[in-house]
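See structure below.
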Amino acid sequence: MTVASPVSKRRTIPRKLLHSLDVHDVANTIKAIKNVINDCFINREKYANQGSRQPSRIDVDAADGGNRPLFRRLGIAVERDHVGGLDDHIYKLVNQLTKDRCSRQDVISITRMGGFGKTKLARKIYQHNAVIYHFQARVWADGSREYKCRDWLLGILSCLPFGNTNEILGMPEDTLKQTLRNRLQGRRYLVVMDGMWNNGIWNTINTAFPDEPKGSRILITCREKVVTSIDDSTMLPYTLSPLNEKQSLELLCKNVFPHGDCPHHLKPYVKQHAESCKGLPLSIVVLGYNLKRKDIFSYRTWCDTIDADSNHRKQCLGILQQSYKHLPRHLKCCFLYLGLFPKEFEIPARQLIELWSAEGFIKANGGRDVVKVAEDCLEELIDRSLIEVVSKRTDGGVKTCRIHYLLQELCKSESEREKFLEVHHISDSEVPPPSSKARRLSIQGSTSHYISSFSYNASSAHSLLLFSENNLF
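Residues -17 to 455 (the numbering used here) are what the sequence shown spells out, left to right.
Rendered as structure tokens:
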């Protein structure tokens, strides 16, 4: 936990001392000054009631502690490295957070699938000078998929200056809420809740935050838009977009080369690797981490295909797998089914819904027909950032969609264990695959060659999808 407060008095340091310090000495000096400021803040809190009636400033942060969820410590995490393309997002979100000092408390959520740098963006915003100046109290709390309302309350309260920390551990949930409400009362506060998974959590915990006309804000990072579908919020979820080609190249260079400078003769190869990550910061950062351990100035390193780097994929899939594990059973089947489609294939939503229904993944519910229920399932997977909308119908419904290539890899890896599906790429010269044990089979490439070989007669699959070389469905 770190505690910081601005101190009005300026402390002068002899110039001779400054000139004699090297970089490490400067860092130690800054640390010492921070400790002095911390002491000032603690004393100010202790005697607050004897002085001014103005609320004291609280800046507390649990993000550097050891309670960071396990999946954020797997391999190399996005938030621990350079992440590009954030400046525009920072500007927009800081403006939303600070533009109105007298509005009611409101909620802003940053959403997208894992690996898009939501935590890094939230951290940049939390540490932004305009945010520090604007809010009288700032609190950062980490969460995880397993966190319940009580866990969040304890996490936030444990960050705040408190007489006896052990005292809050035995408090019932309602008392924890009241304690937090009392602690934030009268202040313009910002609470960052990093890593919320369940929308029921917010609906339970929201009463713990004072709703006064002081411009207070709650900033939530989550993988699902449904987490913050809050009726009384005036702000729509803020969805991160993939990096463009230029940003992807810059990010990879920053994570591989000294000072981010890519040698001119290697640029075409580096660009090809960056583009293959399809704008996902996690994939680029992990790729850069693995490449950095090789001879980065060798043609051989960059001429090797990314597909050969199994370690790169394993690290990414280990993080993305958390989203899959959180799905209910019927949505798991719908999600895995997407692995049957070719890479980057634009999937017609209507046909996908019909296929789900034919497979028996979707059942009529409460008088609603199968198609309506299936449309809800599609929307839920979109809200969970597992499917991307490509185009919409005139009535606002989804017309076509697709899945990120890494999520498609996740579909295939999870499907292999359960014999859920198999995908085979066939050319005219290849012998069709032997009999398949999988219940669903996707043939991509020379479909006519596969059909003429009568290989499908030996398959036990009850569903067969054929995609020609031009990805015609």
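The beta-carbon is built from N, C-alpha and C at its ideal position, and this holds for glycine as well.
None of the values given here were measured: they were computed from a predicted structure.
Run through DSSP, which three-state label would residue i get?
i: His407; result: strand
i: Ile329; result: strand
i: Gln167; result: coil
i: Tyr115; result: helix
i: Asp124; result: strand
i: Arg83; result: coil
i: Gln426; result: strand
i: Asn180; result: coil
i: Glu206; result: coil
i: Asp351; result: coil
i: Cys259; result: coil
i: Leu448; result: strand
i: Thr376; result: coil
i: Lys419; result: coil
i: Asp484; result: Past the boundaries of the shown model lies residue 484; the chain is included only from -17 to 455, so the question cannot be answered.
i: Asp193; result: coil
i: Asp88; result: strand
i: Arg94; result: coil
i: Arg399; result: helix
i: Lys381; result: strand
i: Ile200; result: strand
i: Leu302; result: helix
i: Leu158; result: helix
i: Tyr220; result: strand
i: Leu320; result: helix
i: Leu172; result: strand
What distance in whole Å lies between the Cβ atoms of residue j and residue i, which are believed to be in contact at a cut-off of 8 Å?
i: Leu201; j: Leu172; result: 7 Å
i: Ile92; j: Thr203; result: 5 Å
i: Leu299; j: Leu448; result: So it is not a contact: roughly 27 Å between Cβ atoms.
i: Arg493; j: Tyr108; result: Residue 493 lies beyond the range of the chain shown here (-17 to 455); nothing can be said about it.
i: Ile425; j: His406; result: 6 Å
i: Gly177; j: Gly99; result: With a Cβ gap of about 13 Å, Gly177 and Gly99 do not count as contacting.
i: Lys401; j: Lys419; result: 5 Å
i: Cys359; j: Glu370; result: Not a contact, Cβ separation roughly 16 Å.
i: Lys260; j: Tyr387; result: 6 Å
i: Leu262; j: Gly321; result: No, Leu262 and Gly321 are not in contact; Cβ-Cβ is about 18 Å, not under 8 Å.
i: His308; j: Arg127; result: 6 Å
i: Arg163; j: Ala123; result: About 16 Å separates the two Cβ atoms, so there is no contact after all.
i: Ile90; j: Leu68; result: At roughly 15 Å, the Cβ-Cβ gap does not stay under 8 Å, so Ile90 and Leu68 are not in contact.
Near residue i, which residues of its chain fall below 6 Å by C-beta distance, leaving aside the five closest residues on each side in sequence?
i: His116; result: Thr80
i: His71; result: Leu103
i: Arg456; result: This structure cannot settle anything about residue 456, because the visible part of the chain is limited to -17 through 455.
i: Cys235; result: Gly242 and Cys244
i: Arg366; result: Glu206
i: Arg165; result: Leu142
Once the 5 residues before and after residue i are set aside, which same chain residues still bring their CB inside 8 Å of it?
i: Thr161; result: Leu139, Ile150 and Met153
i: Tyr29; result: Per-residue confidence for Tyr29 stands at a pLDDT of 35, beneath the threshold of 50, marking its modelled position as unreliable; no derived number is given.
i: His247; result: none
i: Arg170; result: Arg83, His116, Phe117, Gln118, Ala119, Lys196, Gly197 and Ser198
i: Leu135; result: Glu155, Leu158, Lys159, Leu162, Ile187 and Ala190
Does the Cβ of residue i have 16 or more other Cβ atoms within 10 Å, making it buried, or fewer, making it exposed?
i: Thr221; result: exposed
i: Cys84; result: exposed
i: Arg105; result: buried
i: Asn77; result: exposed
i: Ser230; result: buried
i: Gly378; result: exposed
i: Lys274; result: exposed
i: Ser397; result: buried
i: Asn237; result: buried
i: Thr157; result: exposed
i: Asp223; result: Checking the displayed sequence, the identity of residue 223 turns out to be Ser instead of Asp. Exposed, because fewer than 16 other Cβ atoms sit within 10 Å of the Cβ of Ser223.
i: Ala346; result: exposed
i: Tyr73; result: exposed
i: Asn180; result: buried
i: Lys159; result: buried
i: Pro514; result: Within the shown structure, residues of the chain are numbered from -17 to 455, placing residue 514 beyond reach of any answer.
i: Ser373; result: exposed
i: Thr457; result: With the chain represented from -17 up to 455, any question about residue 457 goes unanswered, as that position is not in the structure.
i: Gly270; result: buried
i: Gln167; result: exposed
So, at 7 Å on beta carbons, what are the nonlocal neighbours of residue i in its own chain, with the 5 sequence-adjacent residues on each side left out?
i: Ser356; result: The sequence shown places Ala at residue 356, rather than the Ser named in the question. Correct list, in chain order: Ile335, Trp338, Ser339 and Ile344.
i: Leu363; result: Leu313, Cys316, Phe317 and Ile369
i: Gln303; result: Leu392
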